[in-house]
Amino acid sequence: MKTVINSIATHLPSKVVTNDDLSDTLDTSHEWIFTRTGIERRHLVSDGEFASDLGIIAAKKAIEQADFDPAKLEAIIVSTTTADRHFPSCGARIQGEIGATKAFAFDVGAACAGFIYSLAIADSLIKGSNLNNILLVCCETLSRFVDWTDRSTCVLFGDGAGALLLQSSEDDHQGLIATKLYTDGSKEKHDSILAHSGPQNGHRGYTTMKGRSVFKYAIEYMDQSVSEILTENNMTFDDIDWIIPHQANRRILESLCKMKNFPTEKMIITTNEHANTSSASIPLAMGYGIENGKIKRGHTILLTALGAGLVWGSAILRY
Ligand code: UT7
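So the sequence shown is numbered by the numbering used here: it starts at 73 and just counts up by one.
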C-alpha cells in the first residue's frame with residue numbers, strides 16, 4: 073500500500089510586500105535582505121485574515137482539482153505553527169468549512185518541518201489504520217507572530233498555505249517512498265536559538281532567532297538527513313529529479329547543493345517570491361514547480377526541512 077498525491081493546491085494572501093516597502097518603515101534595504109536571504113517579496117495576511125482562512129481556500133482548491141467529494145475524507149491533518157487560536161484547532165475549523173463531515177481533524181506543531189512530519193503521520197494512518205483519503209493542509213501566518221520593529225526577524229517571513237489530497241494506492245511506482253524525522257530539544261534548552269515567546273502582557277508575543285546558529289544547524293542537519301534517507305533506501309542523488317527544501321534562505325539551499333554536488337537548477341527555490349512561510353513553504357514550492365511544468369508525474373522528489381525545536385527531517389516521494 074502506498075500514499076499517493078492525488079492533487080495539490082496553494083493559496084497566498086493578496087497583499088504583497090516588497091523589500092523596498094519594508095525599508096520605508098524599517099532600518100533595512102532591499103540590498104541587505106536580498107543578498108543575505110534571496111527574498112524579494114512576501115505575501116502577508118490582512119487584518120481579520122487567519123491561518124485557517126488560507127488553509128480553507130487551499131483545501132477547497134485541492135478537493136475541486138481532484139473532483140472529489142469532501143464527505144469521503146476520513147482525516148484532515150493541518151500543519152501550523154501559527155494557528156488562529158490555541159483551540160479549537162485549525163483542523164476542526166477547516167473540517168467544518170469544507171463539508172468533510174466524516175473526517176476527524178487535528179493540528180500538528182512541528183514548525184518549519186511540519187509538512188514532512190504530517191506526511192509521515194498521513195502515511196502511518198494510510199498504512200496502519202487503513203485510511204484511504206486524507207487531506208493534508210499546511211497554513212501559516214508567521215507575520216502575526218513577529219515583532220514588526222525587529223528587522224532581524226520580520227523581513228524573513230511570509231504567509232501562505234498548501235493542501236494535498238493524499239490517497240491509498242496499490243500502485244508501487246507512485247507515492248511516498250520514505251520519511252525520516254528528527255528532534256533535538258537540547259539546543260533550545262541551552263541557548264534559545266529560534267523560539268516564540270508565547271503570550272505576553274495581553275499580546276500574542278514575538279519570534280526571536282539567533283540567525284547564524286540556525287543557519288549552521290540548517291545546513292548541517294539537512295545535509296545529514298538527506299544523506300541518511302537516501303542511503304537507507306538504497307538511492308543516490310542520481311535517482312532524484314528535484315529537491316524541494318524548506319525555503320528559509322537561498323544561501324542555505326545553495327550551500328546544500330554545493331555540498332552534495334547537486335545542480336541548483338534541480339532544486340525548486342521560491343524564497344524570492346514567498347519568503348519563509350514555515351511549514352507551508354514546501355507545498356507552496358511544490359505547487360509552483362508543478363504549475364510551471366518543472367515537476368511532472370513520475371518524477372522522484374526529495375524533500376527536506378529544519379525548524380524551531382530543533383525539528384528536522386526528509387522525505388522521498390514519486391509524484
Ligand atoms: O525557518 C527556520 C529556519 N530558519 C533559518 O534557516 C534562518 C537561518 N538564518 C539566516 O537565514 C540568516 O542568519 C539571517 C538571514 C537571519 C541573517 O543573516 P546573517 O548573515 O547571519 O546576518 P547577522 O544576523 O549575522 O547580522 C549581520 C548584520 C548585523 O549587524 P552588525 O551587528 O554586523 O552591525 C545585524 O544587525 O546585519 C544586521 N541586520 C540587518 N541589517 C539590515 C540584521 N537584520 C537586518 C536587516 N537589514 N533586516
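Built from N, CA and C at the ideal position, the CB exists for glycine as well.
In this text the structure is predicted, and so the values were computed from the model without any measurement.
Residues bridged to residue i by DSSP?
i, result
"Thr225", "According to DSSP, Thr225 bridges with nothing at all."
"Leu389", "Leu248, Ile373"
"Gln272", "His275"
"Lys87", "Leu116"
"Tyr254", "Trp384"
List the endpoints of the continuous beta strand (DSSP E) containing residue i.
i, result
"Ser240", "231-241"
"Ser151", "147-151"
"Ile105", "Counting along the chain, Ile105 falls outside any beta strand (DSSP E), though it belongs to the alpha helix (DSSP H) covering 102-109."
"His268", "266-268"
"Asn78", "74-83"
"Ile316", "314-317"
Skipping 5 residues on each side, what residues in its chain have a beta carbon closer than 6 Å to that of residue i?
i, result
"Gly331", "It is Met, not Gly, that sits at residue 331 in the sequence shown. Once the five neighbours on either side are set aside, the close Cβ partners of Met331 are Asp295."
"His83", "Leu126, Ile129, Ala130, Ala233"
"Ser190", "Ile149, Ser151, Val180, Leu208"
"Asp256", "Leu382"
"Ser118", "Lys87"
What residue from the options has the CA that sits closest to residue i's CA?
i, options, result
"Ser215", "His268, Asp256, Gly181", "His268"
"Ser327", "Phe229, Leu228, Gly110", "Gly110"
"Ile291", "Ala320, Leu266, Asn305", "Ala320"
"Gln246", "Tyr293, Ser95, Tyr289, Arg390", "Arg390"
"Glu345", "Asp99, Tyr360, Lys133, Met339", "Tyr360"
"Asp219", "Arg276, Lys288, Glu337", "Arg276"
"Ala183", "Ala155, Glu363, Asp243, Gln272", "Ala155"
"Asp263", "Leu98, Ala380, His115", "Ala380"
"Pro85", "Ser79, Tyr289, Arg113, His102", "Arg113"
"Phe106", "Ala172, Asp244, Leu228, Gly163", "Leu228"
Considering only residues of the same chain and omitting the five flanking positions on each side of residue i, which have a CB-CB separation below 7 Å?
i, result
"Ser297", "Lys252, Tyr254, Thr376, Trp384, Gly385, Ser386"
"Ile354", "Phe187, Ile316, His318, Leu375, Ala377"
"Ala352", "Cys210, Cys211, Glu212, Gly232, Ala233, Gly234"
"Thr336", "Glu326, Cys329"
What residue range does the alpha helix (DSSP H) around residue i cover?
i, result
"Val298", "283-304"
"Ile324", "322-332"
"Pro335", "Segment: none, Pro335 is in no alpha helix (DSSP H) and carries neither H nor E."
"Ile362", "353-363"
Please give me, in chain order, every unbroken run of the beta strand (DSSP E) with length at least 3 that falls completely inside the stretch 191-227.
Those beta strand (DSSP E) runs which fall completely within the stretch 191-227 and span 3+ residues are 205-213.
Could you tell me which whole alpha helix (DSSP H) segments of length 4 or greater appear in the stretch 116-191?
123-137, 162-170, all fully within the stretch 116-191.
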